[in-house]
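Using this note's numbering, you'd call the opening residue of the sequence shown number -18 and step up by one each time.
For glycine and all other residues, C-beta sits at the position ideal for the given N, C-alpha and C.
Bear in mind the structure is a predicted one, so any value in this text is a computation, not a measurement.
Here is the structure we will look at, set down as structure tokens.
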Amino acid sequence: MDLREYTRHYAVQDNRLAALSYFGTFAVYFASLSLAIVFVDRWYIMIPAGIVFAFSAVRLYVLQHDCGHHSLFETRMQNEWAGHGLSPFTFAPFEVMKQNHNLHHAGIGNLEHRETGEIHTMTLREWQDADWKTRLFYRLYRNPFILVPVGALFTYFIRYRWPKNTVRFGVKGVLLHNASIIVFLGLLYLVAGMTGILVWLVFSFLGGMLGVFLVYLQHNFEDTYWDRRPDLNPQTAALHGSSALDFGWWFDTAVACITLHDIHHYNARIPSYRLRACHYNLPPEFTPRRIKFPEAVAALNLKLWDEDAKRLVPFPKNDRTAGLAHS
């Protein structure tokens, strides 16, 4: 069976489904935020509403990602306008992030172009050759208690104000994007005061941490794929270098199926509202290994790519700088 031809059957956009996904997510976003603010003094309402808001924020980010691939709506212009419209709420400037993400797709699995990835991975050989300062920084960087919260804070609230390649792909767009955030937060302050800002900030941070966790799992699992040219196989990199997370239908729906990252990398034109059907109808010979939640959490302990064993491995136990991790 031709897998490329199979996925083309699902790479069909439908404006009705796209609009339902787009505007429906916005409705949940604002309704849950309003509920959390209004009932801020009742934790049993505020916390569940805030969690729903955090998931809806992640979902908006994924829909913007779809717009960047021109896969959500039927026309290029519709996707472009929709992507820009999402920017104030995702905190990601659309044009620059779209171009950076396209570079990520082009460099998937390529050890010689790891700069296109969201999370840096060293090889075991590089680790063994590194000095103690590089090792200490990398240990801190890959520590999940730093990577997830600090990564979320830095990426969404600081780095995206001026993302990499901004000068190359659009200074004006980034400046307008930052201005739109000020307008959005200003309106939120006028409507809900400082309470509204704080509720938004806390649960946006929670959404950011969820986003970083999912981004990590997309390409960091034991039997992922990395290689160097000329041996690099782009199709293998797409299917086996990207994860298929099995967290259940509700979770997939909540995050617009970004959990099924293998099929997305294989054919980025498949809209999020068709990814689950495409993935779960795969013929048996193409059915991927799906990662359940316990294995996903355990994957946070994997730090280095072993080029000989061709798998992601933890830090060496008998490493001469192992004491730095506990100092």
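DSSP links Leu121 through a beta bridge to no other residue. With a contact defined as Cβ atoms closer than 8 Å, Ala133 and Val43 miss out at about 16 Å. Nearest C-alpha to Asp208 among Trp230, Trp143, Gln80, Arg292: Arg292. With a threshold of 16 other beta carbon atoms within 10 Å, Arg255 meets it and is buried. CA-CA distance, Gly64 to Phe72, rounds to 12 Å. Asn91 is bridged by DSSP to Asp208. In the displayed model, Arg292 falls within a strand according to three-state DSSP. As the crow flies, the alpha-carbon of Leu182 is around 43 Å from that of Arg210. Per the C-alpha coordinates, the member of Ala279, Gly177, His200 positioned closest to Ala219 is His200.
Counting only residues of its own chain and dropping the five nearest sequence neighbours on each side, His85 has a CB closer than 8 Å to the CB of Thr97, Gly98, Glu99. With contacts defined by Cβ atoms closer than 7 Å, Glu76 and Gly151 form a contacting pair. Rounded to the nearest angstrom, the Cβ distance from Val131 to Trp143 is 18 Å, too far for a contact under 8 Å. The C-beta distance from Gln(-6) to Ser52 rounds to 7 Å, short enough to meet the 8 Å contact threshold.
Setting aside the 5 residues that flank it on each side, Arg250 is surrounded in the same chain by Ala(-8), Ser52, each with a C-beta closer than 6 Å to its C-beta; the list follows chain order. The segment -7 to 43 contains, as complete alpha helix (DSSP H) runs of 4+ residues, the segments -4 to 19 (chain order).
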